[in-house]
Amino acid sequence: MSGCFLVIEGPDGAGKTTQAARLSTWLREQGRTVHALREPGATAAGEAIRELLLDPETDLAPMAEMLLYQAARSHLMATRIAPALEAGEVVILDRFWYSTAAYQGHGLGLDLDAVRSVSQAATGGVEPDHVFLLDLAPHVGLGRVGSKRDRIESRPLAYHERVRAGFRVEIERLGARGTILDATRPVDDLADEIRTVVAALECVA
Ligand SMILES: Nc1ncnc2c1ncn2[C@@H]1O[C@H](COP(=O)(O)OP(=O)(O)OP(=O)(O)O)[C@@H](O)[C@H]1O
Ligand SMILES: [Mg+2]
């Protein structure tokens, strides 16, 4: 695939949407065609699945929760991400399967090999050119999100600590394809650093 696939990951309230918007604006100014998408969502089916997953009234067993995220992901990959990359365009994705590894694997205790193999099936093995992890302590991120918490945000702090640690493990595994950033830094600093890394990527040059 000839496009450029960039992913922004991190716990709740880390600043993913803020940085995805900054990066999209900058790349569009460079004349690139940019698809700024989010998971779960960005398609009609994906947004419906998102609503079900985040509704505090929804009761879901861990494996069912994991598979719903993967269902939304599979549809998004097939209908939006893969076609854009094949057309040589840029995709900026707010969360990807590393979130599923962190929240449902490390967080809920589902087998990580199972999460990885279902992720592989859902994505067709399409891997990002680069992944940014906005890392921060859960109490800081949840403080930014405010008092109205969704089904996942409402989980106990110990759960969110496992998610944070899990994200770090997953992104460290990527080596040079991943960058871990301290998400407590100012928005402009983080945007600058992300731009610098992206500007050096072969897929953008
Ligand atoms: N670097 C930062 N420093 C301080 N506040 C920030 C920073 N980045 C984002 N914020 C603020 O924190 C809040 C959450 O930001 P944002 O929505 O971008 O995070 P998110 O990771 O997308 O959250 P969610 O997981 O809920 O989607 C917003 O009010 C945003 O303005
Ligand atoms: Mg967001």
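Sequential numbering from 1 applies to the sequence shown in my numbering. Note that CB positions come from ideal geometry on N, CA and C, so glycine has one too.
Run through the stretch 113-198 for me and flag every whole alpha helix (DSSP H) of 4 or more residues, listed as ranges in chain order.
138-145, 157-172
Taking all protein chains shown into account, decide if S2 is buried (16 or more other Cβ within 10 angstroms of its Cβ) or exposed.
In the sequence shown, residue 2 corresponds to position 2, counting from 1. Result: exposed.
Taking the C-alpha atoms as reference points, what is the distance between A102 and V163?
As a first step, residue 102 is located in the sequence shown; it is residue number 102 there, counting from the start. As a first step, residue 163 is located in the sequence shown; it is residue number 163 there, counting from the start. Computed Cα separation, rounded: 5 Å.
Give a yes or no on whether the C-beta atoms belonging to T43 and L67 are separated by under 8 Å.
Translated into the one-based positions of the sequence shown, residue 43 becomes position 43. Translated into the one-based positions of the sequence shown, residue 67 becomes position 67. No, the Cβ-Cβ distance between T43 and L67 is not below 8 Å.
Decide if K16 is buried, meaning its Cβ has at least 16 other Cβ atoms within 10 Å, or exposed.
Along the sequence shown, one-based indexing puts residue 16 at 16. Buried is the call here.
So L93 and E39 are in contact, right, with Cβ under 8 Å, and what is the actual spacing, rounded?
Counting from 1 along the sequence shown, the entry for residue 93 is found at position 93. Counting from 1 along the sequence shown, the entry for residue 39 is found at position 39. Going by Cβ atoms, the distance from L93 to E39 rounds to 6 Å, so yes, they are a contact pair.
Can you look up R80 in the DSSP assignment and give me helix, strand or coil?
Sequence index remark: in the sequence shown, residue 80 carries index 80 (1-based). Helix.
Quick one: grab the DSSP three-state call for L201.
Residue mapping note: residue 201 aligns to position 201 of the sequence shown, counting from 1. Coil.
Ends of the beta strand (DSSP E) at A14?
Numbered from 1 along the sequence shown, position 14 holds the residue referred to as residue 14. Where A14 is concerned, there is no enclosing beta strand (DSSP E), given that its DSSP letter is neither H nor E.
Might you give, ordered along the chain, the residues of its own chain that have their beta carbon closer than 6 Å to the beta carbon of A14, omitting 5 neighbours on each side?
Walking along the sequence shown from the start, residue 14 turns up at place 14. Closer than 6 Å at Cβ, skipping near neighbours: L134, L136, G141, A183.
Under 7 Å Cβ to Cβ from V145, same chain only, skipping five residues before and after it: list those, please.
Your numbering for residue 145 matches position 145 in the sequence shown. Within the same chain, V145 has close Cβ partners D12, G13, E153.
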